[in-house]
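Beneath this line is the structure, given in structure tokens, with notes to follow.
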Amino acid sequence: MDLKTPISTVIPSLDGPVLQVLARADEGLSGREVHKLAGQGSVAGVRLVLQRLAATGLVHVDDAGNSLSYRLNRKHLTAPVVEFLADLRAALVNRITDELAAWRLPPVHASVYGALARADGDLESDVELLLIRPDDLDANDPLWNEQASHLMQTVVDLTGNPAHVFELSRTELANHLATEAPILNDWLSPTIHLTGLPLHALQREFVVVE
């Protein structure tokens, strides 16, 4: 899955980014605005896409004085599909969160960082997950490792992207914070919280203890 423009996984042409912009917009946009937000193609190319989509009825065109305004026709039969494809990142996060909620050994914290959290990357970018386990749970616990391995396979099945899990104990996290390990910059911002205590709460907790 293209982590920057997920809809391109299914619609690889310029139509994909254009539809993604329209699906996320609450009001009409000019051709130049759509081009700027899509970040791909030329202004002329985007306008050609908008005209083609308008011919299908999926896009409404309104006269906005000196320019035309484009908006997704949310009553169109295919609009729900477009909206789903435009928000694949959220769908992925929800699926991962649902799996974590079913874990018999829940993590102290779980989050997504890296390309998925930054909304950049490409088809080959890793989906990176941070898992913090309780201190009283051994790193070699069979059930814990089975859960983590299954989660990684779930990510691969859902996206086609490689999955990378950085897993450590609560105390190991405290050591990373104490030494100001460089990887903390990746973990702390931007990040998508999945379950358990937020990482910033764990960070504050450690600072108070020290």
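Numbered according to the working numbering, the sequence shown spans residues 33 to 242. Note that CB positions come from ideal geometry on N, CA and C, so glycine has one too.
Same chain, Cβ closer than 7 angstroms to residue i, neighbours up to 5 away in sequence not counted
i    : result
A118 : I39, L51, Q52, A55, R56
Q235 : L209
P166 : V140, R202
D34  : S40, T41, D154, L155
W219 : Y145, L162, L231
Buried or exposed (CB count within 10 angstroms, at least 16 for buried), residue i
i    : result
A98  : For clarity, residue 98 is Asn in the given sequence; the question names Ala instead. By the 10 Å Cβ count, N98 comes out exposed.
G192 : exposed
D47  : buried
D95  : exposed
T37  : buried
H182 : exposed
V159 : buried
G153 : buried
S157 : buried
H300 : For residue 300 there is no data in the structure shown, the boundaries of the chain being 33 and 242.
Close Cβ partners of residue i (< 8 angstroms) along its chain, the five nearest in sequence each way excluded
i    : result
L175 : R136, L137
G63  : V75, V78, R79, L82, S99, L100, Y102
L61  : V53, L54, L69, S101, Y102, R103
V91  : L54, L82, L85, Y102, R103, L104, N105
T110 : L90
R150 : P222
Residue i - partner residues in DSSP beta bridges
i    : result
E199 : L163
S101 : D94
T227 : A142
Assigned secondary structure, residue i (DSSP; H/G/I helix, E/B strand, else coil)
i    : result
S143 : strand
T129 : helix
I39  : helix
G89  : coil
L61  : strand
V240 : Unreliable positioning characterises V240 in this predicted model, as indicated by a pLDDT of 46, which lies under 50. The coordinate reading is nonetheless provided below. Three-state DSSP puts V240 in a helix.
G77  : helix
P49  : helix
H67  : helix
S157 : coil
A55  : helix
Q235 : helix
CB contact check: residue i to chain D, cutoff 9 angstroms
i    : result
P112 : This model lacks chain D altogether, as it is built from one protein chain only.
Proximal residues to residue i (C-beta, below 6 angstroms), its chain only, five neighbours per side dropped
i    : result
A122 : none
Do the segment 134–148 and the segment 215–235 meet, that is, are 3 or more Cβ pairs less than 8 angstroms apart?
-> Taking 8 angstroms as the limit for Cβ pairs, the verdict is that the segment 215–235 does touch the segment 134–148.
Taking contact to mean at least 3 C-beta pairs separated by less than 8 angstroms, is the segment 102–119 in contact with the segment 73–89?
-> At 8 angstroms Cβ cutoff, the stretches touch.
The segment 161–172 contacting the segment 186–201, beta-carbon criterion three pairs below 8 angstroms | yes
If you pair each beta-carbon of the segment 179–191 with each one of the segment 123–132, do three or more pairs fall below 8 angstroms?
-> yes
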